[in-house]
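Q: Please see the structure below; I have some questions.
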């Protein structure tokens, strides 16, 4: 069996206008925990004691980009199972997260939404490789 190399990012850094508002969103609505905090920066992890995977930096001068501007479309967080994605979806819906889309890509299932500053986010789960659609020559 041939396995393809994968790229994994270990931390995402996002600029936000209001740090406290963003920390409240990521902690309350999305379930992150604050692992470190400085005056203009917060590092967030998915569980207490886990390595921080998200760094939020306050920038009061931040303005929303023009719709046609190039840049980050969204950051994606891979969850360990479909059950974990479902449990997170229930939590986020109860917390009032406004979802922008849901997708079944054949190889994965994804949920799309944005944070208070318009940073696009995707939470998703991969299907086992043996369940991926197979191309047919036909």
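In the numbering used here, the protein residues as written are 8 to 145.
Heads up, the beta-carbon is just placed ideally off N, CA and C, and yes, glycines get one too.
#1: Using 10 angstroms around the beta-carbon of residue 42, count the other beta-carbons present and answer buried if the total reaches 16, otherwise exposed.
#2: What does DSSP give as the partner residues of residue 127 in its beta bridges?
#3: Less than 8 Å between the beta carbons of residue 86 and residue 95, yes or no?
#4: Quickly, what does DSSP pair residue 111 with across the bridge? List them, please.
#5: Quick one: using the 10 Å Cβ neighbour count with 16 as the cut-off for buried, is residue 36 buried or exposed?
#6: Measuring CB atoms only, is the segment 45 to 63 touching the segment 14 to 32, in the sense that at least three cross pairs come out at less than 8 Å?
#7: Select from 59, 81 and 67 the residue whose C-alpha is nearest the C-alpha of residue 131.
#8: For the alpha helix (DSSP H) containing residue 101, name the first residue and the last one.
#9: If distances are taken between C-alpha atoms only, which option among 31, 90, 116 and 121 comes closest to residue 105?
#10: For residue 34, collect the residues of the same chain with a Cβ closer than 8 Å to its Cβ; drop the 5 residues on either side in sequence, then sort them by chain order.
#11: Taking only three categories from DSSP, how would you classify residue 17?
#12: Just to confirm the assignment, what range does the beta strand (DSSP E) spanning residue 63 have?
#13: Would you kindly report the start and end of the unbroken beta strand (DSSP E) that includes residue 41?
#14: Does any residue of chain B have a CB that is nearer than 8 Å to the CB of residue 125?
A: According to the data block:
#1: As a position in the chain shown, residue 42 is number 35, starting the count at 1. Residue 42 is classed as buried because its beta carbon has at least 16 other beta carbons within 10 Å across all chains shown.
#2: Counting from one through the chain shown, the residue named residue 127 turns up at place 120. For residue 127, the pairing in a beta bridge is given by DSSP as 121.
#3: Within the chain shown, numbered from 1, the residue matching residue 86 stands at position 79. Within the chain shown, numbered from 1, the residue matching residue 95 stands at position 88. Yes.
#4: For this step, residue 111 is matched to residue 104 along the chain shown. According to DSSP, residue 111 bridges with 116.
#5: If you number the chain shown from 1, residue 36 lands on position 29. Its Cβ being crowded by 16 or more others within 10 Å, residue 36 is buried.
#6: Three or more pairs of CB atoms, one per stretch, sit closer than 8 Å, so the segment 45 to 63 contacts the segment 14 to 32.
#7: Translated into positions along the chain shown, residue 131 becomes position 124. Out of 59, 81 and 67, 81 has the C-alpha closest to the C-alpha of residue 131.
#8: Residue numbering aside, residue 101 sits at position 94 when the chain shown is read from its first letter. Unbroken alpha helix (DSSP H) run through residue 101: 89 to 101.
#9: As a position in the chain shown, residue 105 is number 98, starting the count at 1. Nearest C-alpha to residue 105: 121.
#10: For this step, residue 34 is matched to residue 27 along the chain shown. Here the set comprises 40, 41 and 51.
#11: On the chain shown, residue 17 is found 10 positions in, with the first residue counted as 1. When secondary structure is reduced to three states using DSSP, residue 17 falls in the coil class, being assigned neither helix nor strand.
#12: What you label residue 63 is simply residue 56 of the chain shown in a count that begins at 1. Annotation for residue 63: the continuous beta strand (DSSP E) segment containing it runs 61 to 65.
#13: Taking the first residue of the chain shown as 1, we reach residue 41 at position 34. Taken as a continuous stretch (DSSP letters only), the beta strand (DSSP E) holding residue 41 covers 40 to 44.
#14: Protein chains in the displayed structure number just one, and chain B is not present.
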